[in-house]
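Enquirer:
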Amino acid sequence: AVFEKEAVAAVGAVAVAPSDPKTIWVGTGEANDRNSSQWGDGVYLSTDAGDTWKNVGLKTSKTISRIVVHPKDPKTAWVAVMGDIWSPSPDRGLYKTSDSGQTWKAVLQAPAAYTNKVGCGDVVIDPSNPDILYAALYARVRTPWSFTSGPDVTDGKDLGGIFRSTDGGATWKKLEKGLPGLTGRLGLSVYRS
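Residue numbers are given in the working numbering: position 170 of the sequence shown equals residue 170, and the series is strictly consecutive.
1. Excluding the five sequence neighbours on either side, which residues of its own chain have a C-beta within less than 7 Å of the C-beta of LYS22, listed in chain order?
2. Between which two residues does the beta strand (DSSP E) containing ILE132 stretch?
3. Which same chain residues end up closer than 7 Å to ALA10 when comparing Cβ atoms and leaving out the 5 residues on each side of it in sequence?
4. Whose C-alpha, out of ALA139, TRP25, ASN116, is nearest the C-alpha of TRP78?
5. In terms of residue numbering, what span does the beta strand (DSSP E) encompassing PHE163 cover?
6. At what residues does the beta strand (DSSP E) containing LEU94 begin and finish?
7. According to the Cβ coordinates, are LYS59 and LEU45 closer than 8 Å?
8. Quick one: Cα of VAL68 to Cα of ARG192, how far?
9. Just the C-alpha distance for ASP138 and TYR114, rounded to the nearest angstrom, thanks.
10. Return the residue from the list ALA7, ALA17, ALA1, ALA13 that minimises the CA-CA distance to PRO130.
11. Can you name the start and end residues of the beta strand (DSSP E) that VAL124 belongs to?
12. Would you tell me roughly how many angstroms separate the C-alpha atoms of LYS173 and GLY12, rounded to the nearest one?
13. Measure the CB-CB distance between ILE125 and THR166 and report whether it falls below 8 Å.
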């Protein structure tokens, strides 16, 4: 075990930097929609293959569903944050760091009125071009007796779905042509060839 002495045990995402296998990113908190899911306290980074860890931010994110690391720069990562499963939380969305977590920028979120209800469920990077990324937004709210997702959380607005960036996450466009609307939680992958 290499992550048993940290402040939390729940892990939602692990990513190893393709250019440096000693650099490991861990996103804490289970991003599943179950009422037994455990929350975390942000992102941890190890630069010595898991011997030591440092919390590098997004401490109030509660649940992280995916991390991708730039193929040539181990200091650059995108983190998909689902947020608090039990209540609205402003930290939902996709975040990027270019300095090993010293600073973070929200690069994809729902419109302001719904930022605290719509999280990012997945993010993938095109292996042939690290400027091309795909991310999936997804709205959810759970109570002990119910679960609500999608447009039922966002006043009927279809704010979830697949989004694409061709500039490293600076700008995003929702992909709609040929895809269904009113999607639930999505998993993404890019065909390697």
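Glycine included, each C-beta is placed from N, C-alpha and C at the ideal position.
Keep in mind the model is a prediction, meaning the values are calculated, not measured.
Expert: So, from the listed chains and residues:
1. Working through the sequence shown from its first residue, we reach residue 22 at position 22. Residues of the same chain with a CB within less than 7 Å of the CB of LYS22, apart from the 5 flanking positions on each side, are THR47, ASP48, ALA49 in chain order.
2. As a first step, residue 132 must be located in the sequence shown, where it is residue number 132. DSSP places ILE132 inside the beta strand (DSSP E), whose first and last residues are 129–143.
3. Counting from 1 along the sequence shown, the entry for residue 10 is found at position 10. The beta carbon of ALA10 sits closer than 7 Å to those of THR28, GLY29, GLU30, GLN38, TRP39, GLY40, all from its chain and outside the five residues before and after it, given in chain order.
4. Indexing the sequence shown from 1 puts residue 78 at position 78. The alpha carbon of TRP78 has as its nearest neighbour, out of ALA139, TRP25, ASN116, the alpha carbon of TRP25.
5. Residue 163 sits at position 163 when you count from the first residue of the sequence shown. PHE163 -> beta strand (DSSP E) spans 161–165.
6. The residue labelled residue 94 in the question sits at position 94 within the sequence shown. Taken as a continuous stretch (DSSP letters only), the beta strand (DSSP E) holding LEU94 covers 93–97.
7. In the sequence shown, the residue the question calls residue 59 occupies position 59. In the sequence shown, the residue the question calls residue 45 occupies position 45. Contact flag unset, no.
8. For the purposes of this step, residue 68 is taken as the residue at position 68 of the sequence shown. For the purposes of this step, residue 192 is taken as the residue at position 192 of the sequence shown. Rounded to the nearest whole angstrom, the C-alpha separation of VAL68 and ARG192 is 15 Å.
9. By one-based count along the sequence shown, residue 138 stands at place 138. By one-based count along the sequence shown, residue 114 stands at place 114. It should be pointed out that residue 138 corresponds to Tyr in this sequence rather than to Asp. For TYR138 and TYR114, the distance between alpha carbons rounds to 11 Å.
10. What you label residue 130 is simply residue 130 of the sequence shown in a count that begins at 1. It is ALA17 whose Cα lies nearest to the Cα of PRO130.
11. Along the sequence shown, read from residue 1 onward, the residue named residue 124 stands at position 124. 118–126 is the span of the beta strand (DSSP E), which, as asked, contains VAL124.
12. Working through the sequence shown from its first residue, we reach residue 173 at position 173. Working through the sequence shown from its first residue, we reach residue 12 at position 12. If you take the alpha carbons of LYS173 and GLY12, they lie about 26 Å apart.
13. For the purposes of this step, residue 125 is identified with residue 125 of the sequence shown, where counting begins at 1. For the purposes of this step, residue 166 is identified with residue 166 of the sequence shown, where counting begins at 1. Taking 8 Å as the Cβ cut-off, ILE125 and THR166 do not qualify as a contacting pair.
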